[in-house]
Structures are given as structure tokens and as C-alpha cells.
Amino acid sequence: MVSPDTGSALLARIEDVIAATPGRDAAVLAALRLVAERLPHYRWVGVYLLDVGMLNLGPYVGEPTEHTLIPVGQGVCGTAVALKQNQVVSDVRTLDNYLACSALTRSEIVVLIRDPATGTILGQIDADGHEVGAFDASDEAFLEQVAARFAPLYTHGR
Ligand code: SME
1 MVSPDTGSAL
11 LARIEDVIAA
21 TPGRDAAVLA
31 ALRLVAERLP
41 HYRWVGVYLL
51 DVGMLNLGPY
61 VGEPTEHTLI
71 PVGQGVCGTA
81 VALKQNQVVS
91 DVRTLDNYLA
101 CSALTRSEIV
111 VLIRDPATGT
121 ILGQIDADGH
131 EVGAFDASDE
141 AFLEQVAARF
151 APLYTHGR
């Protein structure tokens, strides 16, 4: 859950840090650090970039993961791209098609990053939580706003 006040204050800080940080990956990492600091239910949060049928891990905050390359269609991340839909998973233990990053993860959210002009999927923001049902529609709405701030970095370069 992200309250409206927390979400809007955090978005303002994210905009500031993106503007103040040179370099695309450094700017995205700084923004993800703000998210992880302010929203403790985000135990892992990162960006995957889509490149010819494959998701490539970009900046992230949390434990290193072996899933640095995920084919479209695999796992929660690849499913989001295949279905062109955000994913909010209350309990990952109910899924057959799940790629575990941490044995402690119970819930996961994936929100797509799209080119604002064309709607083309550029990548995604992925987050893991340790509690069942950690993420809801307010997290999805918040991450959509974050994704909209990231999209220009991936469409125009820096
Ligand atoms: N759980 C994801 C893999 C990425 S990790 O959570 C960082 C999935 O099933 O696609």
C-alpha cells in the first residue's frame, strides 16, 4: 500500500533526483533507492529492460539475483511482457511460472515501462515483498507514475 501523500511526496523526490543525477543508470538507481528507503515493503526493487525477446536486469536495490536475463513468457516478469499487462501477485507460491529470487519472497509486482509516444514496452519495474499481499492497486498506480518518469530516460538516452 502506498498512501496518496506518501506517493506524491516520493514522486517529487524521484523527479528531483532524476534531474540531478547524470547518467541514465545512476539516475534510475538513485530513484529506486528512494523507493526502497521510503517504502519498506519493497524488499527488492529493480528495472528490467526489454531487448529482442529478452529482459535484461538493469539497476536494482536488494540482494543480487541469478535472474539477470529472463525470456519473454517466463516468470512473472516475462509474463507481464507476453500479456502486455502489469502483474500483481499476492502469493508467489500459487504460481507454476515463477522464478524465485529469494526464498523469503511472498508477493511480487511488475509494472511495465512504455514509450509514451507509441506505447511500446521498453521494460519494467519489478518489486518483491516478504509478506503475502504486500502490493495492491495503490502500488501499481504509484509504480506507473515512476515508470512514466523512467520512460524518457530509455527513449531519449542520456
Ligand atoms: N520473480 C521474478 C524474477 C525476478 S526476481 O523477482 C528479481 C519472476 O518470476 O519473473
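Just so you know, we're using full-length UniProt numbering here: the sequence shown kicks off at 1 and counts up by one. Yeah, the Cβ is synthetic: ideal placement off N, Cα and C, and Gly gets one too. Since this is a predicted model, take the numbers as computed values, not measurements.
Residues in its own chain within less than 6 Å of residue i by CB, not counting five upstream and five downstream?
i: residue 142; result: 2, 7
i: residue 70; result: 55, 77, 78
i: residue 45; result: 32, 35, 36, 61, 127
i: residue 147; result: 111, 113, 125
i: residue 145; result: 11
Could you give the first and the last residue of the continuous alpha helix (DSSP H) run that contains residue i?
i: residue 33; result: 24-38
i: residue 99; result: First-last for residue 99: undefined, no H or E at that position.
i: residue 146; result: 137-156
i: residue 83; result: 75-83
i: residue 20; result: 4-20
In angstroms, rounded to a whole number, what distance separates the CA positions of residue i and residue j?
i: residue 62; j: residue 103; result: 14 Å
i: residue 90; j: residue 30; result: 27 Å
i: residue 60; j: residue 86; result: 18 Å
i: residue 139; j: residue 41; result: 10 Å
i: residue 158; j: residue 81; result: Because the pLDDT of residue 158 is 47, which lies under 50, any placement of that residue in the model is unreliable, and the number read from its coordinates should be weighed accordingly. Between residue 158 and residue 81, the C-alpha separation is close to 25 Å.
i: residue 66; j: residue 47; result: 14 Å
i: residue 17; j: residue 101; result: 28 Å
i: residue 38; j: residue 135; result: 15 Å
i: residue 72; j: residue 53; result: 5 Å
i: residue 95; j: residue 51; result: 25 Å
Within the same chain, show all residues whose beta-carbon is closer than 8 Å to that of residue i, passing over the 5 residues directly before and after it, in chain order.
i: residue 117; result: 155
i: residue 68; result: 56, 57
i: residue 105; result: 43, 44, 92, 128, 129, 130
Looking at the secondary structure, which residues open and close the beta strand (DSSP E) in which residue i lies?
i: residue 51; result: 44-51
i: residue 107; result: 107-114
Got a sec? Which residues, its chain only, sit under 7 Å from residue i by beta carbon, not counting five neighbours each side?
i: residue 28; result: 47, 58, 59, 150, 153
For this session: Please confirm if the segment 8-15 is in contact with the segment 62-76, defined as three or more CB-CB distances below 8 Å between the two stretches.
Result: no
Exercise. Pairing CB atoms from the segment 100-111 with CB atoms from the segment 119-134, are three or more of them under 8 Å?
Worked result: yes
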